[in-house]
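Trainee: Numbers in this note's numbering are just positions in the sequence shown, counted from 1, shifted up by 236.
No residue lacks a Cβ here, since even glycine has one placed at the ideal position from N, Cα and C.
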Amino acid sequence: MTRKILIDTDTASDDAVALIMALRSPLVSVEGITVAAGNCPLEQAVSNALYTAELCNSKVPVFSGAAKPLMRELQLADWFHGKDGLGDHGYKPSHRTAETEPASDAIVRIANANPGIELVTLGPLTNIAEALSKDPGIVQNISRCVVMGGNPVCEGNVTPAAEFNIYVDPEAARKVFHSGLAVEMVGWQLCRGEAVFNEADIARLRALKTDLADFAIDSNSTAMQALKTQTGEIGICLPDPTAMGILLQPELCLASSNHYVEIESTSEITRGMTVVDLLNVTKDERNSGIWAQAHAKPRTHICWKLDVPRWKDTVATSLSC
Ligand code: BDR
Ligand code: CA
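#1: Whose C-alpha, out of 491, 399, 530, 453, is nearest the C-alpha of residue 519?
#2: Please report how far the alpha carbon of residue 436 lies from the alpha carbon of residue 471, in whole angstroms.
#3: Determine which residues share a DSSP beta bridge with residue 268 and list them.
#4: Is it true that the CB of residue 408 sits closer than 7 Å to the CB of residue 362?
#5: Going by C-alpha distance, which of 262, 251, 243, 242 is nearest residue 553?
#6: For residue 359, verify whether its CB is less than 6 Å away from any heavy atom of ligand 2.
#7: Please name the residue in 319, 547, 483 whose C-alpha comes closest to that of residue 208.
#8: Using CA atoms only, rank isn't needed, just tell me which of 459, 421, 497 is closest to residue 526.
#9: Do you know how far the Cα of residue 308 is from the Cα of residue 251?
#10: Taking its Cβ as the centre, do 16 or more other Cβ atoms sit within 10 Å of residue 364, making it buried, or is it exposed?
#11: Roughly how many angstroms lie between the CA atoms of residue 479 and residue 384, to the nearest whole one?
#12: Mapping the DSSP letters down to three states, classify residue 537 as helix, strand or coil.
#13: Judging by CA-CA distance, which residue of 450, 499, 508 is the nearest neighbour of residue 399?
#14: For residue 354, which beta-bridge partners are listed by DSSP?
#15: Can you check which of these residues, 286, 353, 403, is closest to residue 559 by C-alpha distance?
#16: Since I believe residue 348 is in contact with residue 377 (beta carbons under 8 Å), could you give me their beta-carbon distance rounded to a whole number of angstroms?
#17: Looking at C-beta atoms only, is the number of pairs between the region 421-430 and the region 294-302 that lie closer than 8 Å three or more?
#18: Among 246, 402, 440, 276, whose alpha-carbon lies nearest the alpha-carbon of residue 269?
#19: Return yes when the C-beta of residue 476 is under 6 Å from any heavy atom of ligand 2, and no when it is not.
#20: Can residue 251 be considered in contact with ligand 4, in the sense that its beta carbon sits closer than 6 Å to one or more heavy atoms?
#21: Apply the 10 Å Cβ neighbour rule to residue 495 and answer buried if 16 or more other Cβ atoms are within range, or exposed otherwise.
#22: Please name the residue in 293, 242, 460 whose C-alpha comes closest to that of residue 331.
#23: Going by DSSP, what residue range makes up the beta strand (DSSP E) through residue 510?
#24: Closer than 6 Å to a non-hydrogen atom of ligand 1 - does that hold for the CB of residue 315?
#25: In its own chain, which residues sit with a C-beta less than 7 Å from the C-beta of residue 485, not counting the 5 before and 5 after it?
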C-alpha cells in the first residue's frame, strides 16, 4: 500500500535531490510540499520546490510558509548552496505558482485529513512549530516525523556546536522535539565520510544520462566546492536525501536508540546544539531544574548508522529515468 507523506523543506540543492527521491518513489504518495526560508529566502525556496516538482512531472501542491524563524533574523546558507540555492546555473522558474493556503494551515489540514501520515523535515522547523501552535492535536495523526537536523556527536557545520537547520531556528526545533511528535533524528554526521557521493559515485550518476541525474549533480556544484573547503572531503554530501532515504526505507537505518534531546537556544556559544542524554543521566538524583524534568519528556529516536551502499542505490534509482 502506498504510504502518504508530507515534506517540509527550505529547498536548496540537497533538498531538491530529496524531493526527487520522494516524488519518484513507488512507496509513497506526496500529499504536499511546505516551504520555509532557510538555505535561501522564502520566495527562492518556493521557486526551487516548484522547479524540482516540474522536473519530476509532478503536480504536487506546494505551500509557502515562514519567511523567517520564530524569533530571530534569518541566516542563509548561500555560501554553501549558491545564491539561488541550486548552484547558480540560471535554471528557469517553473510556470506553476504556490497554493494560496499558508504552509502551517496546510500542515494542519493535511495531517488531520490523513491519520498516520509521515512527515519529513529538510529545513529549519519554523513551519512545523507554527502548525503545532495552531493545532497541537496533529501530533496524534502524524505517525513519524523524520528530521534532518542536529548532530548527536556535536560536530557542527555552522558553528562548532550546531548544524544549520537547528541553528537557524532553535526555538522552533525545541518546540518540535518536545511536542510529542515521534521524532526520528537524522544528524549531519550521517552524510559524511563513506556517505559522501565521491567521484566514482558521481560518474555512476552521470552514466545514467538522465536530466534528473545531471540536475542532481550540477545543482550541487557549489555545495561540492563548499564541502571541500569546510571538511576537505571531495564529493557531494547529501544530508536531506539521507533523511529522505530513511523516511522511505526505515531499514536503511542500521542502528538507533531513543534519548532525551534538548535544544540549546539561549547560549551564544552553543546556540542550536542538540544535547543528547546518551547515558540517561537526566534521571540522576543529582540533577535538578530543567534536567530533573527531562526524563518525563518525549524521547527522540536517533539514527546512528546508515546502510550507505543501499542508500546510494536508492538515490541512483530515483535519478535513473
Ligand atoms: C542542512 O542544511 C542545509 O544546508 C541542507 O539543505 C540541509 O538541510 C544540513 O545542515
Ligand atoms: Ca535543507
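Mentor: From the atom records:
#1: To locate residue 519, count along the sequence shown from 1; it is residue 283. Looking at the Cα atoms, 530 is the closest of the given residues.
#2: On the sequence shown, residue 436 is found 200 positions in, with the first residue counted as 1. On the sequence shown, residue 471 is found 235 positions in, with the first residue counted as 1. When rounded, the distance between both Cα atoms is 9 Å.
#3: Taking the first residue of the sequence shown as position 1, residue 268 is located at position 32. Partner(s): 242.
#4: Taking the first residue of the sequence shown as 1, we reach residue 362 at position 126. Taking the first residue of the sequence shown as 1, we reach residue 408 at position 172. Closer than 7 Å, so yes.
#5: Sequence index remark: in the sequence shown, residue 553 carries index 317 (1-based). It is 262 whose Cα lies nearest to the Cα of residue 553.
#6: Taking the first residue of the sequence shown as 1, we reach residue 359 at position 123. True, at least one ligand heavy atom lies under 6 Å from that Cβ.
#7: A question about residue 208 goes unanswered here, because the residues of the chain that appear run from 237 up to 557.
#8: To locate residue 526, count along the sequence shown from 1; it is residue 290. Per the Cα distances, 497.
#9: Translated into the one-based positions of the sequence shown, residue 251 becomes position 15. Translated into the one-based positions of the sequence shown, residue 308 becomes position 72. Computed Cα separation, rounded: 23 Å.
#10: If you number the sequence shown from 1, residue 364 lands on position 128. By the 10 Å Cβ count, residue 364 comes out buried.
#11: As a working mapping, residue 479 is identified with position 243 in the sequence shown. As a working mapping, residue 384 is identified with position 148 in the sequence shown. Near 6 Å, if we compare the C-alpha coordinates of residue 384 and residue 479.
#12: Within the sequence shown, the letter at position 301 stands for residue 537. Looking at residue 537 - three-state DSSP - the assignment turns out to be strand.
#13: The residue labelled residue 399 in the question sits at position 163 within the sequence shown. Looking at the Cα atoms, 508 is the closest of the given residues.
#14: On the sequence shown, residue 354 is found 118 positions in, with the first residue counted as 1. DSSP, once it has assigned bridges, lists 241, 380 as partnering residue 354.
#15: Residue coverage of the chain in this structure runs from 237 to 557, which leaves residue 559 outside it and unanswerable.
#16: Looking up residue 377 in the sequence shown gives position 141. Looking up residue 348 in the sequence shown gives position 112. Right, the Cβ-Cβ distance comes to about 6 Å (below 8 Å), so this counts as a contact.
#17: no
#18: Working through the sequence shown from its first residue, we reach residue 269 at position 33. Ranking 246, 402, 440, 276 by Cα distance to residue 269 puts 246 first.
#19: Here the question's residue 476 lines up with position 240 in the sequence shown. It does: the Cβ of residue 476 is within 6 Å (strictly closer) of some heavy atom of ligand 2.
#20: Ligands present in the displayed structure are limited to ligand 1 and ligand 2, and ligand 4 is not among them.
#21: Working through the sequence shown from its first residue, we reach residue 495 at position 259. Burial call: buried.
#22: Translated into positions along the sequence shown, residue 331 becomes position 95. Checking every option, the nearest Cα to that of residue 331 belongs to 293.
#23: Sequence index remark: in the sequence shown, residue 510 carries index 274 (1-based). 510-512 is the span of the beta strand (DSSP E), which, as asked, contains residue 510.
#24: One-based indexing of the sequence shown puts residue 315 at position 79. For ligand 1, not one heavy atom lies less than 6 Å from the Cβ of residue 315.
#25: For the purposes of this step, residue 485 is taken as the residue at position 249 of the sequence shown. Result list for residue 485: 550, in chain order.
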